[in-house]
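A.B. asks:
Protein chains: 2
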Amino acid sequence: MNSSAIALTVGQLAKHAEVGVPTIRFYERRGLLPVPARRTSGYRQYPPDSVRRVRFIRHAQELGFSLREVQELLALSIDPGKSCADVRTRAAAKVADIEAKTASLNRMRKVLLKLMNNCPGDGPTDACPILLAMDDEHER
Amino acid sequence: MNSSAIALTVGQLAKHAEVGVPTIRFYERRGLLPVPARRTSGYRQYPPDSVRRVRFIRHAQELGFSLREVQELLALSIDPGKSCADVRTRAAAKVADIEAKTASLNRMRKVLLKLMNNCPGDGPTDACPILLAMDDEHER
DNA sequence: CTCCACCCTGCACCATAGTGCAGAGTCAAG
DNA sequence: CTTGACTCTGCACTATGGTGCAGGGTGGAG
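So the sequences go chain by chain: S and W.
Per the working numbering, the very first residue in the first sequence carries number 1; after that it's consecutive.
Per the working numbering, the very first residue in the second sequence carries number 141; after that it's consecutive.
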């Protein structure tokens, strides 16, 4: 509860935000974190709400946004000319991305399961239908 | 139909397998393609069935296998001590991988859709529930 | 005043799957 | 024999999201 708690060092920020110290500096280089104030010694001084910012980045990543996209979301949240609709648009695009990825993964999964069904599970590898399917023109 | 057609240059192999020339050399460095014979000039000479090999790699990649995993599949197909069951095991592991990825993507998708539902679609970004959700501790 | 933990910068490196380029040599058609 | 397309090697670079290290400087407790 002392008044010196109004600023955090990188290490303290990293700890509170549960990331590594180099990650913080990496985010700064990438423009995801504002360039912080410095002490005369050069030590970075972070306001306590930087912790929220770093967590925001992590949460957005968990939702599938790349760091570049997180940067765009942060830009939206700062630009007063942008509205909730802009954010929604990004979210909708990300949902579409996710659905495309899922569809692709499902196609892979189906093909693999079909191949596994045709595979006796014994015998030499050179008669394995899984390998044979990959080996030849079978795509049509 | 001339007898010189028994060997391919990198360029010819690349063309038939529908990949780039550097990709062929990259696969060779990675041990995915056997080191080919060389002319006295140093030009690589590929047997025609190298085309099948490259296509195998591409097909396996399309099914979600990384190049490292493709290498393992190729090793299985060569090793006479390995059976179809070994290949099946790899395929099953890949299906499990795919299912884990899909589950993760579905979680992301659900959260995003829920957030979009709460979002009015207008108003300033600083009241946007999507951004607010990422901003704070909301995960529990 | 010393000591150790912490901080600074810049650079190199990890994996993944290639792409690009420079500078030199080669092949084959005309 | 020239010309243009192709090939050779090695190295650097792309994107992604960091990690690690060397060689210093700093902060505060004892």
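Beta carbons: idealized from backbone N, C-alpha and C, even for Gly.
Taking Cβ positions, are His16 of chain S and Met274 of chain W nearer each other than 7 Å?
C.D. replies: In this structure, Met274 of chain W does not lie closer than 7 Å to His16 of chain S by Cβ.
A.B. asks: Have a look at the DSSP bridge pairing and note the partners of Ser83 of chain S.
C.D. replies: In DSSP, Ser83 of chain S forms a bridge with W:Pro264.
A.B. asks: So is Ile238 of chain W buried or exposed if we call it buried at 16+ other beta carbons inside 10 Å?
C.D. replies: Buried, since its Cβ has 16 or more Cβ neighbours within 10 Å.
A.B. asks: Please list, in chain order, the chain S residues whose beta carbon lies closer than 9 Å to that of Pro264 of chain W.
C.D. replies: Chain S residues near Pro264 of chain W: Pro80, Lys82, Ser83 and Cys84.
A.B. asks: What three-state label does DSSP hand Ala177 of chain W in the structure shown?
C.D. replies: Looking at Ala177 of chain W - three-state DSSP - the assignment turns out to be strand.
A.B. asks: Can you name the residues of chain W whose CB is closer than 7 Å to the CB of Leu8 of chain S?
C.D. replies: The contacting residues do not exist; Leu8 of chain S stays about 17 Å from chain W at best.
A.B. asks: Using 7 Å as the threshold, is the C-beta distance between Val10 of chain S and Val19 of chain S below it?
C.D. replies: No, Cβ-Cβ distance for Val10 of chain S and Val19 of chain S is not below 7 Å.
A.B. asks: Using the beta-carbon count (16 or more within 10 Å), is Arg193 of chain W buried or exposed?
C.D. replies: It counts as buried.
A.B. asks: Quick one: measure Cβ to Cβ for Leu113 of chain S and Ile130 of chain S, integer angstroms, because I've assumed they're closer than 8 Å.
C.D. replies: At roughly 11 Å, the Cβ-Cβ gap does not stay under 8 Å, so Leu113 of chain S and Ile130 of chain S are not in contact.
A.B. asks: Are at least three pairs of beta-carbons, each pair with one atom in the region 93 to 107 of chain S and one in the region 59 to 73 of chain S, less than 8 Å apart?
C.D. replies: Touching, yes, given that three or more Cβ pairs across the two stretches are closer than 8 Å.
A.B. asks: Go ahead and label Asp49 of chain S buried or exposed: buried means 16 or more other beta carbons lie within 10 angstroms of its beta carbon, across all protein chains shown.
C.D. replies: With fewer than 16 other Cβ atoms within 10 Å, it is exposed.
A.B. asks: Taking C-beta to C-beta, are Leu214 of chain W and Tyr186 of chain W nearer than 7 Å?
C.D. replies: Result no, Cβ atoms of Leu214 of chain W and Tyr186 of chain W do not sit closer than 7 Å.
A.B. asks: Rounding to the nearest angstrom, what Cα-Cα distance links Ser3 of chain S and Glu69 of chain S in this structure?
C.D. replies: For Ser3 of chain S, the pLDDT reaches just 39, beneath the cut-off of 50, and the residue's location in the model is therefore unreliable, leaving the point undetermined.
A.B. asks: Any beta carbon of chain W sitting closer than 7 Å to that of His59 of chain S?
C.D. replies: So yes, His59 of chain S belongs to the interface.
A.B. asks: On a Cα-Cα basis, can you pick out the residue from W:Arg184, W:Leu272 and W:Met248 that is closest to Asn258 of chain W?
C.D. replies: Among W:Arg184, W:Leu272 and W:Met248, the Cα nearest to that of Asn258 of chain W is on W:Leu272.
A.B. asks: Please classify Val251 of chain W as buried or exposed, where buried requires at least 16 other C-beta atoms within 10 Å of its C-beta.
C.D. replies: So Val251 of chain W counts as buried.
A.B. asks: For Val227 of chain W, which residues in the same chain have their Cβ closer than 6 Å to its Cβ, ignoring the five residues on either side in sequence?
C.D. replies: Cβ neighbours of Val227 of chain W beyond the five flanking positions: Leu216.
A.B. asks: Please list, in chain order, all residues of the same chain as Tyr183 of chain W whose beta carbon is under 7 Å from its beta carbon, the five residues on each side excluded.
C.D. replies: Here the set comprises Thr149.
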